[in-house]
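Protein chains in written order, with my numbering: chain A, 3 to 297; chain B, 575 to 890; chain C, 2 to 322.
Reviewing the structure listed below.
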Amino acid sequence: MSSATSTAENKQAVKKQSQLKEIWRRLKKNKIAVIAMFVIIFLVLIAIFAPLIAPYSYETQDVMRPLEGPSRDHILGTDRLGRDVFSRLLYGAGQSLQMGFTAVLGAALLGIIIGSIAGYYGGWLDNLLMRILDIYQGIPMFLLTVTLAAVLGPSLQNAILAIGIALVPGNARFMRACILTVREMEYIEAAKSINCSVRRIIVSHIIPNAIPPMIVSVTMGLGFAVLSGAMLSYIGLGAQPPTAEWGAMISDGRNYLRSEPQLALYPGLCIMVSVLAFNLFGDGLRDALDPRLKT
Amino acid sequence: MALLEVQNLKKYFRTPRGPLHAVDDVTFKLEKGKTVGVVGESGCGKTTLGRTIIHLLDRTEGKIFFNEKDVSDPTKKELKELREDMQIIFQDPYSSLNPRKTVSETIAEPMKVQGKMTKTDIRAEVRSLMETVGLAERFENSYPHELDGGRRQRIGVARALALRPSFIVCDEPVSALDVSIQAQIINLMLDLQEERGIAYMFVTHDLSVVKYISDDIIVMYLGNMVEMAPSEELFENPLHPYTKALLSAIPEPDIHNQTERIIMRGELTSPINPKPGCRFMARCEYASEECEGSQILEEHTAGHFVMCCKYKQITN
Amino acid sequence: MAEKILEIKDLVVEYHTDAAIVHAVSGVNLSVIKGETLGLVGETGAGKTTIARSILRILPTPPAKFRSGEIIFGGEELTTKTEVEMRKIRGNRIAMIFQDPMTALNPIETVGWQIAEAISLHNEVRRDEAEKRAMDMLEMVGIPMERFMEYPHQFSGGMKQRVVIAMALACNPELLLADEPTTALDVTIQAQVLKMMQDLKDRLNMSVILITHDLGVVATSCQSVAVIYAGEIVEYGTVEHIFDHPAHPYTNGLFGSLPRLKTTERRLKPIKGLMPDPTKMPEGCRYAERCPDATEECSAKPPDVAEVTPGHQVKCIKAGR
Chain A
3 MSSATSTAEN
13 KQAVKKQSQL
23 KEIWRRLKKN
33 KIAVIAMFVI
43 IFLVLIAIFA
53 PLIAPYSYET
63 QDVMRPLEGP
73 SRDHILGTDR
83 LGRDVFSRLL
93 YGAGQSLQMG
103 FTAVLGAALL
113 GIIIGSIAGY
123 YGGWLDNLLM
133 RILDIYQGIP
143 MFLLTVTLAA
153 VLGPSLQNAI
163 LAIGIALVPG
173 NARFMRACIL
183 TVREMEYIEA
193 AKSINCSVRR
203 IIVSHIIPNA
213 IPPMIVSVTM
223 GLGFAVLSGA
233 MLSYIGLGAQ
243 PPTAEWGAMI
253 SDGRNYLRSE
263 PQLALYPGLC
273 IMVSVLAFNL
283 FGDGLRDALD
293 PRLKT
Chain B
575 MALLEVQNLK
585 KYFRTPRGPL
595 HAVDDVTFKL
605 EKGKTVGVVG
615 ESGCGKTTLG
625 RTIIHLLDRT
635 EGKIFFNEKD
645 VSDPTKKELK
655 ELREDMQIIF
665 QDPYSSLNPR
675 KTVSETIAEP
685 MKVQGKMTKT
695 DIRAEVRSLM
705 ETVGLAERFE
715 NSYPHELDGG
725 RRQRIGVARA
735 LALRPSFIVC
745 DEPVSALDVS
755 IQAQIINLML
765 DLQEERGIAY
775 MFVTHDLSVV
785 KYISDDIIVM
795 YLGNMVEMAP
805 SEELFENPLH
815 PYTKALLSAI
825 PEPDIHNQTE
835 RIIMRGELTS
845 PINPKPGCRF
855 MARCEYASEE
865 CEGSQILEEH
875 TAGHFVMCCK
885 YKQITN
Chain C
2 MAEKILEIKD
12 LVVEYHTDAA
22 IVHAVSGVNL
32 SVIKGETLGL
42 VGETGAGKTT
52 IARSILRILP
62 TPPAKFRSGE
72 IIFGGEELTT
82 KTEVEMRKIR
92 GNRIAMIFQD
102 PMTALNPIET
112 VGWQIAEAIS
122 LHNEVRRDEA
132 EKRAMDMLEM
142 VGIPMERFME
152 YPHQFSGGMK
162 QRVVIAMALA
172 CNPELLLADE
182 PTTALDVTIQ
192 AQVLKMMQDL
202 KDRLNMSVIL
212 ITHDLGVVAT
222 SCQSVAVIYA
232 GEIVEYGTVE
242 HIFDHPAHPY
252 TNGLFGSLPR
262 LKTTERRLKP
272 IKGLMPDPTK
282 MPEGCRYAER
292 CPDATEECSA
302 KPPDVAEVTP
312 GHQVKCIKAG
322 R
């Protein structure tokens, strides 16, 4: 090769670079996604360290000072029982995130398993699984969640379960679609032609290519789960008092909307910011995870 | 002694409208270190033929012999050995490489799966394969999407070579590439054949490429092998009306030798539940009643076969 | 001198992305003689399609950026026209057909309806008149009238490309831009379509710009040829000039890369290396890196266009020496 050509190619020379680094490099370019990521990290930190940073406990009542505006003692004021709103918001992050993460991860795991089986093996098994999901999806999701929460009794755990179950079919379908797309690629045929076992094909060729879109879908699902959790708590089927939960806090504040709108506004903002953060981060992640989108 | 012998190979696909005769009664032999070209238009079954021979698809009927041994129904162990000796290079250098594996991972995989070599040996072998196919060492850790079409196709070639096969099915390996890159890859494949004595089955729709690279050429039409002859012979003395039309349709990059084109009427019909008789009939200018009878492959001169009941009349 | 239907002067088009500027077309000059077919030949990424789209002004801006140049069509400057004025020209006086006939047709309308739509868009005609003309168009491209009411999915690839051509020709355009019209088709169908396009061109007295990567297609259907490499025309002339006396090393390289039917050589002569990165074009001759005859002088500054014989232009410092 001439010297001219090789200099042209040198700029393409690639250092050993792990794929994670590569993804991070691409993600970094998307400012909004990075901000969203920091918001999420921030929320997680708050959720973990709420007992340490909150000035009061979520159930401490300052009976003498209910429905108070911001003051030096209570930065964001107090609610109808004189509890510190700021502290309750901090504790609420824990409840909301816990609800979101547990429900979504559980649903993703189950969905991935069902979807992979249906997608890879196909045939009657695929048919059976998909028809079950069809029937299942015929039931309105909200109704299902409400029924489930009502039957099992209102509690945080049951709300998580309800949201998780509601998320499974979507995940399973999505995973199946990913597997089906990947399964048709020529490199799967190439893998067969070099004697790869079925296990190796699934583990080393199909899953790595099907998982990234799944991760994105799961991240987006988090926003949905936080929102549903808040909704369930709002109608009293989620977190039970005195637990601080954003949805429940809105519910609590709804009677004072005219006089003390901030009681519903603060938790509402928290929900909005966290849902937005999950969705924007998911968006950025999708672009970063696709190696074909060169930047 | 033939390396590969295919006898009356058939591959039908089930479709809601009846069996699709993708490959219908194909018979040929391929010697060690030689190239057989398979040409035809899209949907003629040429790709299915290649996939069936290397057992990526199950045949419907017929026999396949490899190294004199009947391998039509290989056991699991036989299949494993067979695949080490028969490889494939794909058309699309984009979809045939796993986007999440680096160049060296892709090339090393056949050897890892085979499990006969140590890690160090595999590494050394990957390096030497990359050199053989003309990939600079610095691309070792690159991902396919970082490389251009020509380099990707070189990865595909290296992967096929890894287990030192004696037979490679090349499924339109250059048709997705630009002319100047196409020539680089064709030369590489010819070099490899000379050095390693590999036999190729070169599947393509591009007749000028196939003439260039093949010793024998098979012309397929809707699953049938309508003509087979040594390369020179086929181009000088095509017998089947389809071959004639196909050859005359090639646009030659030469403004003084523009031969009169035979413009065929109509287009390919579908090979689902075909009627007996010549499948080219609907488009053939010489078609008559006798073409409706079943057709047999006749040997015109040594090695030159044609499936047309009227070829003698037409040629004279 | 024959009448020029289209003249492009010093066209420069760039694509601006976040990371870099892609130099897609850099100073292209060419003209199309009335009634002739001009072939634009080059490899992927050479800038052929960008040129065609610039003529019709259908490049998405951004990222595309029209830097300079004149495009004179039938005596009118197109680059300064408003979008409303362009709309009267597009599809009416200049039509374009694309490589993939599958995506050019609307799957939920009958082919007849789509052709009639193209007619009534630019002509003040009654619907039944438009439909009658659409039927004539179908017949003209060799599709029986009975198929007027059928949907695109009922047609094969070659037939679809015929429909696309019928749509493009429905308004009797003066200039047809054909972007790899036969690349997606089988060779026998390609021969049919090329033959048909040639007949129609003569019958309708149209001019054509045929974009292709296939020198064989050029030899069968063009009168003049522009060879494009890395956004520049490196050689320009009649087919006789290009095929009988190719003067640019890239043109020679292309011919050397082609497997010929009538040779007995056992090796092709490929062009080494790759096309330069269009975001980092070399200072001097853009082909110098791959050129077997390149000297230091070549990489120093870009070569001028030399006219080796009248009408035969070559962008190479060695040409004519």
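For each residue, glycine too, the CB sits at the ideal point set by N, CA and C.
The C-beta of B/Asp598 has 16 or more other C-beta atoms within 10 Å across all chains shown, which makes the residue buried. Apart from the 5 residues on each side of it in sequence, A/Ala110 sits with its Cβ closer than 6 Å to the Cβ of Asn173 and Val220 in its chain, given in chain order. Residue ranges of uninterrupted alpha helix (DSSP H) with 4 or more members, entirely inside the region 762-850 of chain B and ordered along the chain, are 781-787, 805-810 and 815-823.
Under the 8 Å criterion on CB atoms, B/Gln688 is classed as interfacial with respect to chain A.
In the three-state reduction of the DSSP assignment, C/Ala25 falls in the strand class, which pools E and B. For A/Asn160, the enclosing alpha helix (DSSP H) covers residues Leu158 to Arg185.
Taking the Cα positions, C/Glu297 is about 57 Å away from B/Val880.
Under the three-pair Cβ rule at 8 Å, the region 594-610 of chain B does not count as touching the region 61-78 of chain A.
Of the residues assessed, A/Phe51 falls on the exposed side of the cut-off, its CB having fewer than 16 other CB atoms within 10 angstroms.
Closest option to C/Arg268, judged by alpha-carbon separation, among C/Pro260, C/Val165 and C/Ile318: C/Pro260.
In the structure shown, B/Asp644 adopts extended strand secondary structure according to DSSP, grouped into three states. Judged by DSSP secondary structure, C/Gly143 falls outside any beta strand (DSSP E); it is assigned neither H nor E.
Residues of chain C with a Cβ closer than 7 Å to the Cβ of B/Asn761 are, in chain order, Arg268, Leu269 and Pro271. Rounded to the nearest whole angstrom, the CA to CA distance from A/Arg82 to A/Leu135 is 44 Å. A straight-line Cα-Cα distance of about 8 Å links A/Ala192 and B/Ile662. The residue among C/Phe156, C/Thr50 and C/Ile212 with its C-alpha nearest the C-alpha of C/Asn107 is C/Phe156.
Counting of Cβ neighbours within 10 angstroms places C/Asp11 among the exposed residues, the total staying below 16. For B/Cys618, there is no enclosing alpha helix (DSSP H), as DSSP marks it with neither H nor E. C/Val240 is positioned such that its CB atom lies closer than 8 Å to that of C/Cys223.
Interface residue (Cβ-Cβ distance to chain C less than 8 Å): B/Phe809 is classified as such. Taking a Cβ-Cβ threshold of 7 Å, the residues of chain A close to B/Leu630 are Glu191, Lys194 and Ser195, in chain order.
Membership of B/Gln661 in the beta strand (DSSP E) is indicated by the continuous run Met660 to Ile663. Here the region 779-797 of chain B lies against the region 603-618 of chain B, with 3 or more beta-carbon pairs under 8 Å apart.
Here B/Thr680 has Leu671, Asn672, Ile729 and Arg733 as same chain residues with Cβ atoms under 7 Å from its own Cβ, once five neighbours each way along the sequence are excluded. The DSSP-derived three-state label of B/Gln756 is helix. Cβ neighbours of C/Ala295 within its own chain (closer than 6 Å, five residues either side excluded): Ala289. In this structure, the CA atom of C/Thr80 is about 55 Å from the CA atom of B/His595.
Under the DSSP assignment, A/Phe226 falls outside any beta strand (DSSP E), being part of the alpha helix (DSSP H) whose first and last residues are Ile209 to Tyr236.
Runs of alpha helix (DSSP H) with 4 or more residues, each lying fully within the region 195-254 of chain C, are found at 216-222 and 240-245, listed in chain order. Assignment of beta-bridge partners to B/Arg588 by DSSP yields B/Pro593.
Under the DSSP assignment, C/Thr38 falls in the beta strand (DSSP E) whose first and last residues are Thr38 to Val42.
Within the region 156-182 of chain C, the residues whose Cβ lies closer than 9 Å to some Cβ of chain B are Ser157, Gly158, Gly159 and Met160, listed in chain order. If the five residues before and after A/Glu70 are omitted, its C-beta is found closer than 7 Å to the C-beta atoms of His76, Gly79 and Thr80, all from its own chain and listed in chain order.
Neighbours of C/His214 across chain B, judged by C-beta separation under 7 Å: Asp752 and Val753. Residues of chain B with a Cβ closer than 7 Å to the Cβ of C/Asp129 do not exist; the shortest Cβ-Cβ separation is about 31 Å. The continuous alpha helix (DSSP H) containing A/Ala38 extends over residues Lys33 to Ile55.
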